[in-house]
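Residue numbers (this note's numbering): 14 to 181. Ideal Cβ placement from N, Cα and C applies to all residues, glycine included. Please read the structure below before turning to the comments.
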Amino acid sequence: MRPRLLINLLVAALLLLGCGACGYHREGQQSPAAGRPRLYIELFSNDTHRAFANDVLTVQIIERFARSPLFSIVENPAQADLLLGGGISRYETAPIAYSPLDTISAYKADLTMWATLRRPGAEREMVRRGTLSTSQDYIGNNPDLVLSQSAERLANDLYTQVTDTLFW
């Protein structure tokens, strides 16, 4: 065999292997995500005085589940195998420490949420229902950062509970 022909065959074989390894597939074949439950995450409700707290929580939950190799997030509830929804039932901040000048130096933030995981369709079978809470002490006056951190913590806890329910 000539070296030029051998090199061309080797390049063609590497290209074919590269296309297969990157997730490429022909139309009509199953995607690599086949077999994973398709999850639709609803916008969580907000039953508190804190504006847009539900948006912060919903984004954290979507980001947590999107990082998971166990789920495929879908944008249409009609395409979903599971529906995840819920809301924030409590968000409160309160001073817990004062400086010598009688100004607030530390706060405590409490965040409570409820969530439901159900199957779509007429029967809407409930898979899981529960409530989660977190509490965090913080110094300074940045309640947006504290809300984001608390929402991230609750999103991780919710992910753990959902995966335990479905896969263990």
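Check, Outcome
"Any Cβ of chain C within less than 8 Å of the Cβ of Met139?", "Included in the structure is just one protein chain, with no chain C present."
"Can you list, in chain order, the residues of its chain with a C-beta nearer than 7 Å to that of Arg49? Leave out the 5 residues immediately preceding and following it.", "Leu83, Phe84 and Ser85"
"How many angstroms separate the CA atom of Thr173 from the CA atom of Ile117?", "35 Å"
"Which residues does DSSP list as the beta-bridge partners of Glu105?", "Asp123"
"Helix, strand or coil for Asp150? Go by DSSP, reduced to three states.", "strand"
"By DSSP's criteria, Ser85 is part of a beta bridge. Which residues make up the other side?", "Arg51"
"List the whole-angstrom C-beta distance separating Arg103 from Thr129, where the pair is believed to meet the contact cut-off of C-beta under 8 Å.", "Not really, about 17 Å apart at Cβ, beyond 8 Å."
"If distances are taken between C-alpha atoms only, which option among Asp177, Ser163, Leu179 and Val175 comes closest to Leu70?", "Ser163"
"By a C-beta neighbour count over all protein chains shown, 10 Å radius and 16 as the cutoff for buried, is Phe180 buried or exposed?", "exposed"
"Evaluate contact between the stretch 131-140 and the stretch 94-103, counting only Cβ atoms and requiring at least three cross-stretch pairs below 8 Å.", "yes"
"Just the C-alpha distance for Tyr113 and Ser161, rounded to the nearest angstrom, thanks.", "One detail in the question is off: residue 113 reads as Pro in this sequence, not Tyr. Approximately 30 Å between the Cα atoms of the pair."
"Could you check how far apart the C-beta atoms of Ala119 and Ala110 are, in whole angstroms? I think they sit under 8 Å.", "4 Å"
"From the DSSP output, which residues share a beta bridge with Gly99?", "Ala128"
"Between Phe57 and Gly100, how many whole angstroms is the CB-CB distance? I'm expecting something under 8 Å.", "5 Å"
"Quick one: what's got a C-beta closer than 8 Å to Pro90's C-beta in the same chain, skipping five residues either side?", "Tyr53, Glu55, Leu96 and Pro133"
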